[in-house]
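Remarks on the structure that follows.
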Amino acid sequence: MHQLFGLVLAHKDLSRAGDLFSLEDAEIEGSLSEALEQIRIISSAADYQSNDNDQAVVEICITRITTALRETASIERHGRALVALWESCLEHNLTPSGRDEDAPHAKIASDIMSCILQNYNRPPVMALAVPVAVKFLQRGNKELCRNMSSYLSLAAIAKAELLAEHTETIVRSVLQGRPSPDWGLIQVCDHTRLC
Numbered sequence: 053m054h055q056l057f058g059l060v061l062a063h064k065d066l067s068r069a070g071d072l073f074s075l076e077d078a079e080i081e082g083s084l085s086e087a088l089e090q091i092r093i094i095s096s097a098a099d100y101q102s103n104d105n106d107q108a109v110v111e112i113c114i115t116r117i118t119t120a121l122r123e124t125a126s127i128e129r130h131g132r133a134l135v136a137l138w139e140s141c142l143e144h145n146l147t148p149s150g151r152d153e154d155a156p157h158a159k160i161a162s163d164i165m166s167c168i169l170q171n172y173n174r175p176p177v178m179a180l181a182v183p184v185a186v187k188f189l190q191r192g193n194k195e196l197c198r199n200m201s202s203y204l205s206l207a208a209i210a211k212a213e214l215l216a217e218h219t220e221t222i223v224r225s226v227l228q229g230r231p232s233p234d235w236g237l238i239q240v241c242d243h244t245r246l247c
């Protein structure tokens, strides 16, 4: 792993996290999968939800990683690690707090969702992502569901067969009213039926 990334993640050093943006994307690209695994470990700690420092470090690192993935067009190389971190969010509380703030793992899930699912036209990435995306539809976070439905409708247009085996779960989610009414999921179902 790149030395600075290793330092920031090993020590959860918020004072150095911003320095990651001074590095060239190509300089850290080879470290991204390992960094994502370290973030998964940090965010799975028992005290993560109450540790503001660790949450801030994770947010900064995820922003740096997703930027590097986009700029180096390397999402296919690091997709497995990115999806593993995303899926790990399902093991935690995703419900907004009483103050209407996103839960820490919902923030991670949202950032990763947009990074992954903006690559809806890359079948290898979608093959990893769609089974996990469908699980988020069943978790009841309305904002995540709303955004997920929009991305999944794009994925259905690009490669409908990836969604075909999940049609029943998607329809059940719509019928149970988990996401707010959204034509995106309806479009997903229509496209998968056409396959």
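No gaps in the numbering here: position 49 of the sequence shown is 101 in our numbering, and each next residue is one more. For every residue, glycine included, the Cβ atom is placed at its ideal position computed from N, Cα and C.
| Host alpha helix (DSSP H) of Lys64 (start-end) | Neither: Lys64 is in no alpha helix (DSSP H) and is coded neither H nor E.
| field | Cβ neighbour criterion (16 or more within 10 Å) applied to Asp104 | value | exposed
| said: Give the list of continuous alpha helix (DSSP H) stretches no shorter than 4 residues that lie fully inside the stretch 73-144. | reply: 77-80, 84-95, 104-124, 127-140
| request: Label Ala98 either buried or exposed according to how many other C-beta atoms from any shown protein chain fall within 10 Å of its C-beta, with 16 as the threshold for buried. | output: exposed
| task | Quick one: grab the DSSP three-state call for His157. | result | helix
| CA-CA distance, Glu86 and Lys194? | 31 Å
| request: Taking only the alpha-carbon atoms, compute the straight-line gap between His54 and Leu88 and give it to the nearest angstrom. | output: 13 Å
| task | Starting from Pro176, trace the alpha helix (DSSP H) both ways and give me its first and last residue. | result | 175-189
| task | Whole angstroms is fine: what's the gap from His63's alpha carbon to His144's? | result | 23 Å
| query | When the Cα atoms are used, what is the spatial distance from Ser166 to Ser74? | reply | 23 Å
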